[in-house]
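Q: Residues in the sequence shown are numbered from 1 upward in steps of one, following full-length UniProt numbering.
Take this structure first; my questions come after.
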Amino acid sequence: MSGEFDEAVNMTATELERWLDTDESKSVGQSDGGESVGHESGRRIVELLRKKKAELTDDDQAHMRKVVGYVHRHLAQRPDGDVEHMKWRYSLMNWGHDPLKD
């Protein structure tokens with residue numbers, strides 16, 4: 001699983017942490033008035049990136065599979081045009097993937 005996760009998540013823990021602090025990051029995603037699902041996932045991904053592979057739990061592995069699935073599905077829906085300032089990109093970045101790094 002970690003190979004697929006490493007491919008899907010192309011941001012470092014530090015890059016992702018900085019991104020999650022931005023207004024753009026907080027402006028996208030589904031939420032019930034609190035933190036969005038993607039933003040919460042991003043915080044979890046930062047923790048996963050900082051863990052040693054031997055320390056990963058079954059729950060961590062399950063979240064990694066969820067991240068891989070989300071990134072793959074979302075990339076398949078790429079809109080036309082310059083995506084730099086699109087919510088589509090911001091959502092992916094909350095999940096640790098910056099499509100401009102491809």
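Glycine included, C-beta positions come from ideal geometry on N, C-alpha and C.
List in chain order: all unbroken alpha helix (DSSP H) runs of 4+ residues lying wholly within the segment 37-65.
A: Counting only runs of 4 or more, we get 37-50.
Q: Could you spell out where the alpha helix (DSSP H) holding residue 3 opens and where it closes?
A: The count along the sequence shown starts at 1 and reaches residue 3 at position 3. That run of the alpha helix (DSSP H) goes 2-8.
Q: Which one of 99, 37, 94 and 66 has the shortest CA to CA distance from residue 103?
A: Residue 103 lies beyond the residue range present for the chain, which begins at 1 and ends at 102; the question has no answer from this structure.
Q: I need the DSSP call for residue 23, collapsed to helix, strand or coil.
A: The residue you call residue 23 lines up with position 23 of the sequence shown. If DSSP states are grouped into helix, strand and coil, residue 23 belongs with the helices.
Q: Who are the Cβ neighbours of residue 25 in its own chain at under 8 Å, not counting the five residues just before and after it?
A: What you label residue 25 is simply residue 25 of the sequence shown in a count that begins at 1. Here the set comprises 19, 39, 42, 90, 93 and 94.
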